[in-house]
Amino acid sequence: MTDPAVYRTHPATWDEPYLLARCISRRQRRSGPGGQHRNKVETAVVFEHLETAVTGAASEKRSQEANRKVALFRLRVNLALSVRCEAAQKPSGLWKARVPKGKIKVNPGHQHFPALLSEVLDHVMAEQGDLQGAAERLSCTKSQLFKFLKLEARAAKMVNDARHSCGLRELQ
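The sequence shown begins at 3 in our numbering and counts up one residue at a time.
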């Protein structure tokens, strides 16, 4: 993970052109979708963030453009998991829009999911894995926060590992 002081805004929240300018993009030949005797087609896309070496890849679609979108989304999720920034004192406007009346409303496939995930992880890690403190800062409940983290299993595991290292019990 990166030092929280490295970035002013989290890379998962950057707009597409700004993020892609800081990545290398590779196209690869892989077996595409189809029958038993699939042809090798150059539709696989891999993005690598240059500063962190975090990657996002996709090859399951027939279209290179569709794979590019999936790879970019996966890159953002992986950045949300790998890069820590200093947690803001108040929740972002995006967070407030997605958490009306303390209930988190977001689909794990939605384009805003990685940005919200990075914000939650920044707050939880700033609290050394204490979900209650992070939930208070984010204006939601502890159970809502962990339910959100479980949408990305690696995030829930990361939080439980942090809690374990601080002597707190793991959450289910």
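We put the beta carbon where it would ideally sit given N, CA and C, even for glycine. Please read all numbers here as calculations on a predicted model, not as lab measurements.
Exposure label - residue i; buried when at least 16 CB within 10 Å
i, result
"D17", "exposed"
"A73", "buried"
"C168", "exposed"
"G131", "buried"
"R78", "buried"
"L151", "buried"
Assumed close pair residue i, residue j - CB separation to whole angstroms, cut-off 8 Å
i, j, result
"L119", "E154", "6 Å"
"A60", "R76", "6 Å"
"T143", "G104", "6 Å"
According to DSSP, residues forming a beta bridge with residue i
i, result
"K25", "This sequence places Cys at residue 25; Lys is not what is there. Per DSSP, H51."
"T57", "E50"
"R32", "V43"
Close beta carbons around residue i, own chain, < 8 Å, minus the five adjacent residues each side
i, result
"N80", "V56, T57, G58"
"L147", "I106, V122, V126, L133, A136, A137, L140"
"L173", "L133, F148, A158, V161, N162, R165"
"R156", "L83"
"H12", "L81, A82, V85, C87, A117, S120, E121, D124"
"P110", "L153, E154"
"N113", "Note on identity: in this sequence residue 113 is Gln, with Asn being the wrong assignment. Result list for Q113: F75, in chain order."
Neighbourhood of residue i by C-beta, 6 Å cutoff - its chain only, sequence neighbours within 5 removed
i, result
"V101", "C142"
"R28", "V48"
"R70", "V47"
"A82", "A14, P116, L119, S120"
"A128", "A89"
"R32", "A46, S61"
"Q30", "A46"
Measuring CB atoms only, is the stretch 125-145 touching the stretch 85-94, in the sense that at least three cross pairs come out at less than 8 Å? yes
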